[in-house]
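Numbering of the sequence shown is given in the numbering used here, commencing with residue 154 and proceeding in unit increments. We put the beta carbon where it would ideally sit given N, CA and C, even for glycine. Structure, as structure tokens:
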Amino acid sequence: MADESYRIATVRGREVPYDPEQLRKISEHPCYSDKACHAFGRCHIPVAPKCNIQCNYCVRDFDCVNESRPGVTSRVLTPKEALDLVRNVLKEYPYVKVIGIAGPGEPLANPETFEALRLIHKEFPHQILCISTNGLVLPESIEELAKNDVGNVTVTLNAIDPAIGEKIYSWVEYNGKKYHGREGAELLLSQQMKGIEMAVAKKMLVKINTVYIPGINDEHIPEIAKKVGEMGAFTFNVIPLIPQYKFAGITPPTPKEKREMQDRCAPYIKQMRHCARCRADAIGKLGQDVQSCVYRQMKDEKAE
């Protein structure tokens, strides 16, 4: 699929047109459309604290209200609290069209995610529901996601070569067992590929997030873009490394290097060039977050 085209996807050499509902889920989703990000907003509900992999760049144990990055939230909500939050947000900010679950851990490793999706879809069936996942248990979660009309799925895919993947992940936990090194990277990759294929087959719009890690996966990223483009993913998001945890000593790519990487990937798949690296509790338009106000209001109402 060409960089600026989205009405027809090319999947394994075959042109597949998007239907009207898919087009709506593109045109009203601020991450999937660079035009939508100026008109529409999203509400991330932080109901998923547990994670089933350990990335060497990920730290989730601290928070600052001025910090904007994945894995950060001021508090974790129950599914019922999340439903109350969504009610308040949609009443006060009707431009919010997307309800997303992006952590602070791995959404699909937390049963609360599916309960929250069920409650929200039942009460607000026309809201766009969105999930961000590392993909490890995406294959076995696809049917439940489809049942709740989750139409947008983001998969963080940092390598399609296990030799590179084992440098990025400390461990992978699957069916109660921890896998390390090459074994863990191979398992994760196998599940990610299977999950992406199944999501595309379900007519879900798939966005791929790839963390740009200089010296680790930088020369490999165009290969990832080519592969997922061939699989029918909709858009590709190059995310510069935030140097922390085991990768704290790595110098992140410059904005110029990021743009150059996007240009290298653009022939294979549409590029997302307006990412705001959202928090797990982000609310509002990209770059115009209002979650501090929303949560303060909820706290005040509860105190009364």
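Residues near E326 by beta carbon distance below 6 Å, same chain, minus five either side | Residue numbering aside, residue 326 sits at position 173 when the sequence shown is read from its first letter. Once the five neighbours on either side are set aside, the close Cβ partners of E326 are N205.
Decide if the stretch 262-275 is in contact with the stretch 297-310; the criterion is three or more beta carbon pairs, one per stretch, under 8 Å apart.
-> Contact between the stretch 262-275 and the stretch 297-310 is present, because at least three Cβ pairs lie under 8 Å.
Which of helix, strand or coil does DSSP assign to Y322?
-> The sequence position of residue 322 within the sequence shown is 169, counting from 1. Three-state result, Y322: strand.
Quick one: any contact between the stretch 393-413 and the stretch 334-354, if contact means 3 or more CB pairs under 8 Å?
-> Short answer: they don't touch.
Verify whether the separation of the beta carbon atoms of P406 and P393 is less than 8 Å.
-> As a position in the sequence shown, residue 406 is number 253, starting the count at 1. As a position in the sequence shown, residue 393 is number 240, starting the count at 1. Yes, these two residues count as a Cβ contact at 8 Å.
Reference A316; option with closest CA among T309, G329, G334 and L310 = Position 163 of the sequence shown, counted from the first residue, corresponds to residue 316. With distances taken between CA atoms, A316 lies nearest to G334 out of T309, G329, G334 and L310.
Which of helix, strand or coil does DSSP assign to V447?
-> The count along the sequence shown starts at 1 and reaches residue 447 at position 294. DSSP, reduced to helix, strand and coil, places V447 within a helical segment of the structure shown.
Pull up the CB-CB distance for N370 and A312, whole angstroms please, since I reckon it's below 8 Å.
-> As a working note, residue 370 is residue 217 in the sequence shown. As a working note, residue 312 is residue 159 in the sequence shown. About 6 Å; that satisfies the 8 Å criterion.
Kindly indicate which three-state DSSP category H182 falls into: helix, strand or coil?
-> Against the sequence shown, residue 182 aligns to sequence position 29. Here H182 sits in coil by DSSP.
Can you check whether the CB of Y185 is closer than 8 Å to the CB of K360?
-> Locating residue 360 in the sequence shown gives position 207, counting from the first residue. Locating residue 185 in the sequence shown gives position 32, counting from the first residue. For the pair K360 and Y185, the CB atoms are nearer than the 8 Å cut-off.
Please work out which residues of its chain come closer than 6 Å, Cβ to Cβ, to E265, disregarding the five sequence neighbours upstream and downstream, and give them in chain order.
-> The residue you call residue 265 lines up with position 112 of the sequence shown. Taken in chain order, the residues that qualify are V200 and P232.
Give the secondary structure of T404 by DSSP, where H, G and I count as helix, E and B as strand, and everything else as coil.
-> As a first step, residue 404 must be located in the sequence shown, where it is residue number 251. In the structure shown, T404 adopts coil according to DSSP, grouped into three states.
Span of the beta strand (DSSP E) holding N328?
-> Residue mapping note: residue 328 aligns to position 175 of the sequence shown, counting from 1. That residue, N328, is in no beta strand (DSSP E); it is neither H nor E in DSSP.
Option in G256, N209 and K409 with minimal Cα separation from L230 = Taking the first residue of the sequence shown as position 1, residue 230 is located at position 77. It is G256 whose Cα lies nearest to the Cα of L230.
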